[in-house]
Amino acid sequence: MRLRVRSKDKVHMINDLTPTSTLFELKSAIHALSGISPLRQELKIGYPPRVCGAKDDETLSSAGIQNGDQIILDENALPETTSQPASQPASQPVNKVTGSLETESISVPVESGFIILREMEDDNSCLFRAIGYGNLGCLSLILRNTIIKYIKDDPETYSDVVLGKSRDDYCSWIAEKNSWGGAIELAIFASYYKVEIRSVDVKSGRIDRYGHGIYDKCVYVIYSGIHYDAVALTPMIGADQEYDQTVFDTTDESILSAVIGIADKMKQLRKYTYTADFTIRCGQCQKGLKGEQEAVQHARETGHTSFTEYDG
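Position in the sequence shown (from 1) plus 784 gives the number in the working numbering.
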């Protein structure tokens, strides 16, 4: 499909969607081009233009969007209430950021405000929550489904060898809410959202860049050994999170330096867990494992997700 998206100051062209793509995928593509979160997007379609009232999981065809259409994009303020968007199922919890407002957050001042750590819930879905916060503010369940669709649609790239198990088994495993995400998922999200994802390792200071050199925009996540957190630009400490900016120019060195500063502060506070030499026991089959890599491999092979550290 060839779609023209017109905002108040720019026209964007989208050419890589199909009639069976979802409205969520269209909003994701618009977000990658415009930087406007889907939660703020108001799309008008048809002639005369009318607000598109379709749900995020509806196809473009069922939403009344056809090849060659022009879509008018308006940016709305987020609602002041804490209720979830109407397009999200009421039975599914919206991602929450824990500890960011209630406790003192780690931050680094920059010219336009503060780069601040947004801590994700420690529930084995932290990577999905961090990416959802950085890109869309959407449900981790939707992001898991995005991974599954990507893997199924590209068997050459995501072969059994790359995944470490059969593609069907991997898709079943990653669909589980307690399954951890890692490099494979970050690479897919970078490609899907057309944004570079930079993962900063707290202990080593290493920056892993997914989609490097391909995209003009980037988002950051902080990796502390067994956990991922999001990073945002806030105008002031204590400001509501609806004012957070999470998508940045890849060339903005001041933001990169500030994010590295966040990781440095976390290292000084020993807010990381080095798992390479940990002895871990599976709580479901009692198998002894060494390090995070063995635990991840065991989880992928067995579907087990309960692990405890012990003195081996």
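Cβ coordinates follow ideal geometry from the N, Cα and C atoms, glycine included.
**Asked** Quick one: is residue 817 near chain D, going by C-beta distance under 9 angstroms?
**Response** In the structure shown, chain D cannot be found, because there is only a single protein chain.
**Ordered list of beta strand (DSSP E) runs contained in the segment 791 to 847, each at least 3 residues** = 795 to 798, 825 to 829
**Prompt:** Straight-line CA distance for residue 871 to residue 839?
**Reply:** Reliability fails at residue 871, whose pLDDT of 36 lies under 50, so the model's placement of it is uncertain and the value that follows must be treated cautiously. Straight-line Cα distance between these residues: approximately 5 angstroms.
**Prompt:** How about residue 820 and residue 791: do their beta carbons lie closer than 9 angstroms?
**Reply:** yes
**Message:** Please report the distance separating the alpha-carbon of residue 1099 from that of residue 912.
**Reply:** Summary: the structure shown does not reach residue 1099, with the chain confined to residues 785 through 1096, and so no result is reported for it.
**Prompt:** If we call anything under 9 angstroms between Cβ atoms a contact, is residue 1047 one with residue 985?
**Reply:** Contact: yes.
**Asked** Hey, residue 829 and residue 853: beta-carbon distance below 9 angstroms or not?
**Response** Yes.
**Item:** Closest by C-alpha distance to residue 809, when choosing among 994, 975, 1036, 1027
**Value:** 975
**Asked** Quick one, are the C-beta atoms of residue 1099 and residue 807 less than 9 angstroms apart?
**Response** As shown, the chain starts at 785 and ends at 1096. That puts residue 1099 outside it, with no answer to give.
**Asked** With 16 other CB atoms within 10 Å as the buried threshold, where does residue 939 fall?
**Response** exposed
**Residue ranges of each beta strand (DSSP E) within the segment 916 to 991, 3 or longer** = 980 to 985
**Prompt:** With contact counted as at least three CB pairs below 8 angstroms, one residue from each stretch, are the segment 1061 to 1077 and the segment 895 to 910 in contact?
**Reply:** Touching, no, given that fewer than three Cβ pairs across the two stretches are closer than 8 angstroms.
**Prompt:** Candidates 968, 930, 786, 848: which alpha carbon is nearest residue 944's?
**Reply:** 968
**Request:** Check each candidate in 1006, 1033, 1016 and name the one with the smallest Cα separation from residue 1142.
**Result:** This structure cannot settle anything about residue 1142, because the visible part of the chain is limited to 785 through 1096.
**Item:** Sub-9 angstroms separation of residue 1039 and residue 1004 beta-carbons
**Value:** Contact check for residue 1039 against residue 1004 passes: the beta carbons are separated by less than 9 angstroms.
**Request:** Return the chain-ordered list of same chain residues with a C-beta closer than 7 angstroms to the C-beta of residue 802, the five sequence neighbours on each side being excluded.
**Result:** 785
**Request:** Tell me the start and end of each unbroken beta strand (DSSP E) in the segment 988 to 1074 that is at least 3 residues and wholly inside, in chain order.
**Result:** Within the segment 988 to 1074, the complete beta strand (DSSP E) runs of at least 3 residues are 991 to 994, 1001 to 1007, 1012 to 1018, 1063 to 1066, 1072 to 1074.
**Asked** Does the beta-carbon of residue 1083 have 16 or more other beta-carbons within 10 angstroms, so that it is buried, or is it exposed?
**Response** buried
**Message:** So for residue 859, helix, strand or coil by DSSP?
**Reply:** Reduced to three states, the DSSP call for residue 859 is strand.
**Assigned exposure category for residue 1021 - 16 Cβ within 10 Å defines buried** = exposed
**Asked** What is the DSSP secondary structure of residue 1084, counted as helix, strand or coil?
**Response** Residue 1084: helix per DSSP, three-state reduction.
**C-alpha distance - residue 917 paired with residue 980, whole-angstrom precision** = 15 angstroms
**Item:** Identity of the residues DSSP links to residue 899 by a beta bridge
**Value:** 892, 1017
**Own chain partners of residue 970 with C-beta closer than 7 angstroms, once the 5 adjacent residues on each side are dropped** = 981, 983, 994
**Prompt:** Where DSSP assigns a beta bridge to residue 788, which residues make up the other side?
**Reply:** 797, 854
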